[in-house]
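What follows is a single structure, written as structure tokens, with notes after it.
Structure below.
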């Protein structure tokens with residue numbers, strides 16, 4: 001059963017907040033309250049009146065109208081408060097309990113609350129008390145131990161990179177953030193994460209890596225308490241303890257800002273532009289997918305390439321079609337294709353259309369554009385791993401009575417420095433087309449019949465030269481259980497390359513010429529989602545991202 005909860009920002013010694021809370025409690029009947037920031041005034045600058053109010057609170061002369069937990073905040077507690085807490089097992093007065101500088105507790109209602117208060121420091125004295133205003137990475141690890149989820153996380157600082165990929169920006173000075181808190185969020189996947197700041201800030205919800213339904217976190221930073229109420233200092237909401245993640249991601253949900261930031265070794269590009277749709281389609285992440293051949297009109301000259309902020313393949317894009325994502329790894333992810341070439345009836349044994357995209361998390365038009373060598377190699381390795389897993393799945397699901405796979409696969413990569421976001425397209429094909437050399441022949445004939453196209457490079461030396469750094473190319477990877485072959489078509493400015501070239505060839509070979517362009521294969525949102533769910537189901541035994 002859901003309970004009503006309320007969270008308050010910095011109080012800073014204005015203990016009349018409890019009077020305000022009492023009035024709200026009569027109308028709302030909250031299960032409990034949390035004060036996420038500094039409850040007391042700074043001991044170094046507190047006025048006589050503020051000290052008097054603190055003394056009254058300790059004596060129980062100020063009514064706390066409902067069970068309330070208060071965090072350490074960003075500064076030391078008054079010594080009189082610490083003394084009372086240490087002598088009274090953390091309870092300051094009736095209905096008022098301290099969370100401590102590092103704590104994981106479960107409320108009587110069943111909510112798991114994790115809290116870290118004070119300043120993040122490199123080391124902490126072992127003799128430091130539970131209510132001291134400091135914590136380190138070891139303390140973060142301590143509260144996360146044996147936890148895989150939490151209902152509420154309260155921290156005095158923001159996690160680093162929390163604004164990455166968010167459309168909503170904080171209007172005050174940039175928050176430095178703590179890297180360890182980012183790791184904590186990834187580890188325990190809190191449903192709500194509260195902090196405090198000079199101004200109110202609420203980030204779009206973000207989803208965590210893992211199988212669907214994926215855990216969702218909402219990050220909210222509250223402004224200081226003020227009777228004037230000009231900036232939001234209080235947040236009330238309904239929550240059911242330990243409820244499962246939603247089956248559908250809330251509108252506007254982004255990928256975790258920590259997922260890509262950690263693996264890419266540099267911050268994500270902020271997504272500023274609005275889009276009407278997201279296309280896991282064809283080409284190279286280009287919003288104008290036919291830059292060489294514009295359909296139904298004249299080719300637009302001098303049209304600048306889409307900017308990184310217009311990239312439909314970045315998970316940080318708030319309009320990312322998360323309903324089409326089937327698996328997310330450390331450096332790449334899988335998605336079903338927008339307007340797939342093949343359909344559910346093409347290869348019924350697969351259980352889904354079969355056309356899949358393997359997309360790097362790194363935003364780059366080519367592999368060579370990923371400047372960090374370690375990150376580049378990790379990306380290539382994981383994309384290859386996804387490709388191999390898909391090949392194994394296709395072979396396993398297409399075996400005949402004699403145990404022989406009836407399907408192989410063709411994967412292609414279009415690498416162009418003028419592109420936006422590199423990806424590979426994976427397509428199952430009948431084993432007969434591969435064994436008889438028809439895939440290879442079909443590509444070569446189509447190239448010969450296309451104006452200005454060069455010959456495919458097939459030898460190792462020729463392919464290596466065509467793929468050399470700075471060069472544009474189309475790479476074809478042909479696979480079956482008994483045959484593996486690659487071929488590379490160099491691309492330069494001497495001819496107009498059609499991004500639909502490999503799909504057009506495969507369409508002819510499969511008798512699907514009418515589906516040669518993704519725009520001719522529209523699907524509803526529900527159909528796209530059904531395809532992705534079907535892929536998740538059949539790929540699950542092969543999905544290394546799910547762990548053991």
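Residue numbers (the UniProt record's numbering): 1 to 548.
Note that CB positions come from ideal geometry on N, CA and C, so glycine has one too.
Under 7 Å between the Cβ atoms of residue i and residue j?
| i | j | result |
| --- | --- | --- |
| residue 336 | residue 324 | yes |
| residue 172 | residue 202 | no |
| residue 382 | residue 344 | no |
| residue 114 | residue 157 | no |
| residue 326 | residue 536 | yes |
| residue 386 | residue 359 | no |
| residue 416 | residue 492 | no |
| residue 490 | residue 454 | yes |
| residue 33 | residue 6 | yes |
| residue 431 | residue 406 | yes |
| residue 178 | residue 131 | no |
| residue 618 | residue 111 | The requested residue 618 does not occur in the structure, where the chain is confined to residues 1 to 548. |
| residue 121 | residue 134 | yes |
| residue 355 | residue 365 | no |
| residue 552 | residue 334 | In this structure the chain extends from 1 to 548, so residue 552 is not present and cannot be described. |
| residue 352 | residue 428 | no |
| residue 200 | residue 223 | yes |
| residue 217 | residue 206 | yes |
| residue 54 | residue 96 | no |
| residue 65 | residue 161 | no |
| residue 52 | residue 13 | no |
| residue 181 | residue 148 | no |
| residue 411 | residue 477 | yes |
| residue 549 | residue 8 | Absent from the structure is residue 549, since the part of the chain shown begins at 1 and ends at 548. |
| residue 249 | residue 322 | yes |
| residue 193 | residue 239 | no |
Exposed or buried, residue i, counting other C-beta atoms within 10 Å across all chains shown (16 or more means buried)?
| i | result |
| --- | --- |
| residue 449 | exposed |
| residue 19 | exposed |
| residue 505 | buried |
| residue 297 | With a pLDDT of only 40 at residue 297, under 50, the local geometry of the prediction cannot be trusted, and the value read off the model is given with reservation. When all chains shown are included, residue 297 counts as exposed. |
| residue 208 | buried |
| residue 16 | exposed |
| residue 494 | exposed |
| residue 38 | buried |
| residue 91 | exposed |
| residue 515 | buried |
| residue 499 | buried |
| residue 404 | exposed |
| residue 307 | With a pLDDT of 49 at residue 307, under the threshold of 50, the predicted position of this residue should be treated as unreliable, and no value is reported. |
| residue 191 | buried |
| residue 460 | exposed |
| residue 214 | buried |
| residue 1 | exposed |
| residue 283 | Residue placement at residue 283 is poorly supported in this model, since its pLDDT is 48, which falls under 50; the coordinates still yield a value, given next. When all chains shown are included, residue 283 counts as buried. |
| residue 439 | buried |
| residue 509 | buried |
| residue 40 | buried |
| residue 457 | buried |
| residue 539 | buried |
Tell me, please, which residues DSSP counts as bridged to residue i.
| i | result |
| --- | --- |
| residue 48 | Paired residues: none, contrary to the question. |
| residue 327 | 334 |
| residue 478 | 410 and 485 |
| residue 102 | 116 |
| residue 425 | 357 and 412 |
| residue 82 | According to DSSP, residue 82 bridges with nothing at all. |
| residue 312 | BP columns for residue 312 are empty, so no partner. |
| residue 472 | 491 |
| residue 193 | 153 and 219 |
| residue 135 | 120 |
| residue 96 | 68 and 93 |
| residue 235 | 7 |
| residue 35 | 8 and 70 |
| residue 430 | 407 |
Our contact map puts residue i next to residue j with C-beta atoms below 8 Å; I'd like the distance itself, whole angstroms only.
| i | j | result |
| --- | --- | --- |
| residue 22 | residue 61 | Rounded, the Cβ-Cβ distance is 14 Å, inconsistent with contact. |
| residue 221 | residue 196 | 6 Å |
| residue 393 | residue 542 | 5 Å |
| residue 100 | residue 72 | 7 Å |
| residue 103 | residue 143 | 7 Å |
| residue 389 | residue 479 | Not a contact, Cβ separation roughly 12 Å. |
| residue 76 | residue 129 | Contact doesn't hold; Cβ gap of about 11 Å is too wide. |
| residue 252 | residue 204 | 5 Å |
Can you find a C-beta in chain D that's less than 7 Å from the C-beta of residue i?
| i | result |
| --- | --- |
| residue 451 | Protein chains in the displayed structure number just one, and chain D is not present. |
Hey, would you say the C-beta of residue i is under 6 Å away from at least one heavy atom of the ligand MG?
| i | result |
| --- | --- |
| residue 45 | For the ligand MG, the structure offers nothing, since it holds no ligand at all. |
Uninterrupted beta strand (DSSP E) stretches inside the region 344-405 (no shorter than 3 residues) | Annotation: the region 344-405 contains the following complete segments of the beta strand (DSSP E) (minimum length 3 residues), in chain order: 356-360.
Just list the alpha helix (DSSP H) runs in the region 158-216, keeping only unbroken ones of 4 residues or longer that don't cross its boundaries, in chain order.
-> Listed in chain order, the complete alpha helix (DSSP H) runs (minimum 4 residues) inside the region 158-216 are 179-188.
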